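First up is the structure itself, then whatever we jot down about it.
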Amino acid sequence: MSKTVKRLGELIEYIKGLGPVAVAFSGGVDSGLVAAAAFRAHGRDAIAFTVGSELCTYEEAREAGWLAKAVGIRHETIPMTLLSNEAVAGNPVDRCYHCKKEVFRVIAERAAREGIRTVIDGTNLEDTHTYRPGLKALGELGVVSPLLALGFTKDEVRKAAKDLGLPNYAKPSAPCLATRFPYGTHLTDEAIARVRAAEEFIRSLGIEVLRVRDHDGVARIEVEPDMIPKLATKRMSKKIVAKLLSLGYNYVTLDMEGYRSGSMDIGQKR
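Per the numbering used here, the sequence shown runs over residues 60 to 329.
Here is the structure:
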């Protein structure tokens, strides 16, 4: 028995021991693995809930439904308007705490209507090594994190997802669109829509991993280092600049340090 098969077995057994579960399901690789294990553990007694809000990308919402079908788990999307919560829209340094508190409260309420008391999510061991104020909200609400409880690293998650045949096992992380703005910047529907449109356009040019960081009229584009030369060509840069200026940006810059997860969290305590 391979190590990955053994770890998968441990995950399924752990979730089986929780009884019927509701999975907070973003459609990413972490929650995808948890949903697949939950379905194997409980079948129809497991359900995945995806929150659809203005802070999500359209691609993420589509992929969540697609992945749920591939996994086989029951799936529902819960629409929410998170920017109506000023603690979220104000974008304080602990914005993620307020956002997670609201999202998981709603998921727990919806799960309760199904007779399910336990909500689980895809937090893994490495999430505790970065700035994640949302973890506090999960603890307060009693959310269970099976991957964290069993010490799964991101690499182990991807290997297990691949072993299960999940189509998104190599999918890059996709945090909410609020992460594109410096803390303290008030979030609006218009600003979020502008970032979403900018990223969708650049992605349509064949750039899969990117972030458009919004600095009050300045678009700072982060891509993987080996993609920087591609974006810096005259033809490509002209296309991107024209599009982003049309969206309302005043300046368009390419970050020469390249993409790095959590670049807006630099200086924040864990």
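All C-beta atoms, glycine included, are put in the ideal place defined by N, C-alpha and C. Since the structure is predicted, the reported quantities are computational estimates derived from the model, not experimental observations.
Review point. Run through DSSP, which three-state label would VAL80 get?
Key: strand
Check your understanding: Exposed or buried, ARG154, counting other C-beta atoms within 10 Å across all chains shown (16 or more means buried)?
Key -> buried
Practice item. Determine the closest residue to ALA146 out of THR136, THR140, CYS158, with distance taken between C-alpha atoms. Key: CYS158
Practice item. Please report how far the alpha carbon of ALA81 lies from the alpha carbon of THR187, in whole angstroms. Key: 22 Å
Review point. What's the C-alpha gap between VAL202 and THR212?
Key: 19 Å
**Study point:** Beta-carbon proximity list for ALA94, same chain, < 6 Å, skipping 5 on both sides
**Key:** VAL82, PHE84, ALA107, VAL130, ILE132
Review point. With 16 other CB atoms within 10 Å as the buried threshold, where does LEU206 fall?
Key: buried
Practice item. Compare the Cα-Cα distances from ASN33 to each of LYS297, THR109, ALA127, CYS235 and report the closest residue. Key: Since the first and last residues shown for the chain are 60 and 329, residue 33 lies out of range.
Practice item. Determine the burial state of MET315: buried for a count of at least 16 other Cβ atoms within 10 Å of its Cβ, exposed for fewer. Key: exposed
Exercise for review: Determine the DSSP secondary structure at THR116, reduced to helix, strand or coil.
Suggested key: coil
**Study point:** Top-ranked residue by Cα proximity to VAL311, from ALA256, ARG319, LYS302, PRO138
**Key:** LYS302
Practice item. Report the option in GLY87, LEU77, ALA96, PRO79 whose CA atom is closest to the CA atom of LYS65. Key: ALA96
**Study point:** Contact set for PHE260: own chain, Cβ-Cβ below 7 Å, skip 5 residues either direction
**Key:** LYS302
Point to revise | Minimum C-alpha distance to ASP180 - residue among LEU200, GLY174, VAL254, GLY124 | key: LEU200
Check your understanding: Exposed or buried, what is THR238 when buried is set at 16 or more other beta-carbons lying within 10 Å of its beta-carbon?
Key -> buried
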